[in-house]
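Numbering (the numbering used here), first residue to last: 12 to 856. Where is the CB? At the ideal position from N, CA and C, for every residue including glycine. None of the values given here were measured: they were computed from a predicted structure. Note sheet for the following structure.
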């Protein structure tokens, strides 16, 4: 058995058409495989970078063009019975030819293909061609044939099994790709191969159990197909007995597959294994599971190995007095989900390396996140993605790929969806981090509330996928994990799909129409999407935009704002809370601050109701390009102030002041496995730091629990709301001031007036800068209150980063910020605006 990658020597050309620019028509350019048309044209200098300015608009022709990839390779005839052309991922509508003979067709980006090409190979030079037809032409033809379906954007993405956000989103560019986007190569083999290995890993009475389902393909079989509802693999019979052996952590098992048969089930038991835990709950122990297929005379035919983790997962949806919960339990331990939504990290997936993912995952873990929801308008992520999640203990909720649209269920889509889903469930089954499959994003909600039913006029819209096909596939292939039909979904068709009292909910009225304080009107069982916008980092804007000067409505800024009325919504949020920005620097600072404030308020509110609410998934962690969006990490990988707010709001131990009926309460939330016992000091102070009232409270918070203590009236009721605040601390004040360094949430502040109305003193402080290995330390000592003190060192050096942000200091308090950069930064610039900001540097009184 041999495997040979075919990644070298590729060329790319456009099929002639009137839309192809003159400078590209007839050109043959080198192609990188895996890759895509856009990146090849960019590398050849034939197009401008679509992420800069409004260059995206000039590239719409690419998605309406047919493309041909071609390579030649040498081949020597071999004795193997089969030689297969294996295509892990083609984007999307492909016709494959070998030496001028068609050998296969594809029309699904989200699955792999295998074609027997032994008879088409010749000794010596061989030519392999991949023609990729226009995704637009394919999708529009099916739309015209089946009748249009409602969707959130005027694009035909529901009519092609392709990454939907390629067609543009309210945070993403319209860059309709084509390419050989995953590995392609030849697989030569004889007798039989391992077609699918499906480990069902569970924990029973403390022992680890692997129920291993093995499917083989024999060399004489017809090409392999995957079907839903039947046995997952359908092949012709072979004629030799085979042996399958498996090992894990010293446990072994063996089974014989008789002549003519194609399946085996092996069971391995590991006594008292170390369990795999989500981050923050324990270690992420994994064990090597190895499978070998041997022929009738004992020769090794094929191997398969993965690292698996022993853990149990269940979803508690037992109705209670509050409705229907949605509570995740791992190893019988309740896990409050502190999640974020994940979108593709680049519009061109082959640019996303393992190192880039590892950095993004470190950013997620650094913000105390414990779950990533892979959103349904993107892709099933790479093996590196899930392996890194396993390694770090980041839980994964995986959507099937349907988002914000009515999807046809007619052929060829029904069969393609079934094949795609079966393949991805099989591929991801070994990963302990994957804890939940979700049928779609917002489509059941859309059918109920987005005026779909009349234009659909009885046509299919996806219900059969979400409530019949997909649960059947998951139930047959991976019953170890729960499946949930949609996000949002209430649990039953007779209950509105976005009812906050049942299952999962999305909260978007806040961003779209209401002030962010409305989050406090919701006490959902589980909130799977909510978010608030802000622009990316200043250095990101300056790299991507040539606007001179930058302004909220300058051409580049406007093009990189994809949300409907996005700027007006940003302005509405500023007007409700913050002083009037005087210039672009103020606007940039305050919109980023307002985003952080909105999400921190929401998360702390939802966590304070953890006896009802079992999780939050913020929209969104990341971006795929430089854009004004809901992300915490922008398209160039820079952390916005929201990231620091998330780190605080998602801390294992959170202290927060919350409004309750008749007053205020101090809420202590403990998401750690150990009890939290501390003395909390709560003070009402003037903005100049003068005490007005004080009390101490004893906290005794159980593991994975909360304590809520009403505050006395003399603390909760200010004498002068515009000039007072409430401060609560638990533990050593010297350690918790500003939450510096570790993202702890053990200091809480409550302001009685909005910033726009508060009697802020003009910001006064002393600042020193000291050089250290790898950077500089900026120490700020407040002479007046400094509200949400934040450093933006990327304004001085695009590579510069700071360890903390959004620090509020009372008079006399100090905070030290560590700045890392490629070279020392100007101390004077580091300690003045627009690099060093706080809310009250906008005031002059």
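Whole-angstrom distance between residue j and residue i, CA atom to CA atom
| i | j | result |
| --- | --- | --- |
| residue 84 | residue 137 | 5 Å |
| residue 222 | residue 284 | 16 Å |
| residue 112 | residue 131 | 7 Å |
| residue 443 | residue 321 | 7 Å |
| residue 669 | residue 757 | 14 Å |
| residue 467 | residue 386 | 25 Å |
| residue 851 | residue 790 | 18 Å |
| residue 74 | residue 481 | 30 Å |
| residue 126 | residue 96 | 5 Å |
| residue 253 | residue 276 | 13 Å |
| residue 205 | residue 639 | 47 Å |
| residue 763 | residue 594 | 27 Å |
| residue 750 | residue 826 | Residue placement at residue 750 is flagged as unreliable, the pLDDT there being 39, under the threshold of 50; the coordinate-derived value follows with that caveat. Going by the C-alpha atoms only, they are around 9 Å apart. |
| residue 358 | residue 264 | 44 Å |
| residue 368 | residue 702 | 48 Å |
| residue 17 | residue 118 | 21 Å |
| residue 625 | residue 483 | 27 Å |
| residue 636 | residue 65 | 12 Å |
| residue 765 | residue 666 | 21 Å |
| residue 269 | residue 45 | 39 Å |
| residue 50 | residue 306 | 44 Å |
| residue 418 | residue 172 | 10 Å |
| residue 829 | residue 843 | 16 Å |
7 Å Cβ shell around residue i - same chain, five flanking residues per side excluded
| i | result |
| --- | --- |
| residue 746 | Confidence in residue 746 is poor, its pLDDT being 42 and thus under 50, which makes the residue's placement unreliable; the coordinate value appears in the next sentence. If we look at residue 746 and ignore the five residues flanking it on each side, it has no Cβ neighbours. |
| residue 144 | 77 and 104 |
| residue 752 | Legend: pLDDT at residue 752 = 35, less than 50; position of this residue unreliable, no value from coordinates given. |
Limits of the unbroken beta strand (DSSP E) element including residue i
| i | result |
| --- | --- |
| residue 226 | 218–229 |
| residue 679 | 674–681 |
| residue 138 | 135–144 |
| residue 409 | 406–410 |
| residue 164 | From DSSP, residue 164 is part of no beta strand (DSSP E); its letter is neither H nor E. |
| residue 92 | Per DSSP, residue 92 belongs to no beta strand (DSSP E) and is neither H nor E. |
Outcome for residue i when other beta-carbon atoms lying within 10 angstroms are tallied against a minimum of 16
| i | result |
| --- | --- |
| residue 39 | exposed |
| residue 375 | buried |
| residue 853 | buried |
| residue 52 | buried |
| residue 58 | buried |
| residue 707 | exposed |
| residue 605 | buried |
| residue 452 | buried |
| residue 67 | buried |
| residue 350 | buried |
| residue 735 | buried |
| residue 621 | buried |
Residue i: first and last residue of the uninterrupted alpha helix (DSSP H) it sits in
| i | result |
| --- | --- |
| residue 4 | Residue coverage of the chain in this structure runs from 12 to 856, which leaves residue 4 outside it and unanswerable. |
| residue 472 | Where residue 472 is concerned, there is no enclosing alpha helix (DSSP H), given that its DSSP letter is neither H nor E. |
| residue 543 | Run containing residue 543: none; DSSP gives neither H nor E here. |
| residue 705 | Where residue 705 is concerned, there is no enclosing alpha helix (DSSP H), although the beta strand (DSSP E) it sits in stretches over 702–712. |
| residue 115 | Counting along the chain, residue 115 falls outside any alpha helix (DSSP H), though it belongs to the beta strand (DSSP E) covering 112–118. |
| residue 487 | 481–488 |
| residue 866 | Any property of residue 866 remains undetermined from this structure, which presents the chain solely from 12 to 856. |
Cutoff 8 Å; reference residue i; Cβ partners in own chain excluding five residues on either side
| i | result |
| --- | --- |
| residue 247 | The predicted model places residue 247 with a pLDDT of 39, which falls under 50 and marks its position as unreliable; any figure quoted below should be read in that light. Correct list, in chain order: 229, 231, 232 and 233. |
| residue 492 | 324, 445, 446, 447, 448 and 485 |
Proximal residues to residue i (C-beta, below 6 Å), its chain only, five neighbours per side dropped
| i | result |
| --- | --- |
| residue 809 | 550 |
| residue 342 | 286, 322 and 323 |
| residue 454 | 413 and 473 |
| residue 744 | With a pLDDT of 46 at residue 744, under the threshold of 50, the modelled position of that residue is not reliable, and no figure is offered here. |
| residue 317 | 300 and 441 |
| residue 660 | 611, 614 and 615 |
| residue 793 | 776, 820, 822 and 824 |
Beta carbon proximity, residue i to chain B, threshold 8 Å
| i | result |
| --- | --- |
| residue 338 | Absence of chain B from the displayed structure is noted, only one protein chain being present. |
Residue ranges of each beta strand (DSSP E) within the segment 175–214, 3 or longer: 195–200
Minimum length 3: unbroken beta strand (DSSP E) runs contained in the segment 591–667: 626–629
Complete beta strand (DSSP E) runs within the segment 755–786 (minimum length 3 residues, chain order): 758–762 and 776–783
Sequence ranges, beta strand (DSSP E) only - wholly within the segment 427–468, length at least 3: 445–449
Those runs of the beta strand (DSSP E) which lie wholly inside the segment 15–84 and span at least 3 residues: 22–25 and 39–41
3 or more residues per run - each beta strand (DSSP E) lying fully within the segment 808–845: 818–820 and 825–831
Contained beta strand (DSSP E) runs [length at least 3] in the segment 378–423, N- to C-terminal order: 382–385 and 406–410
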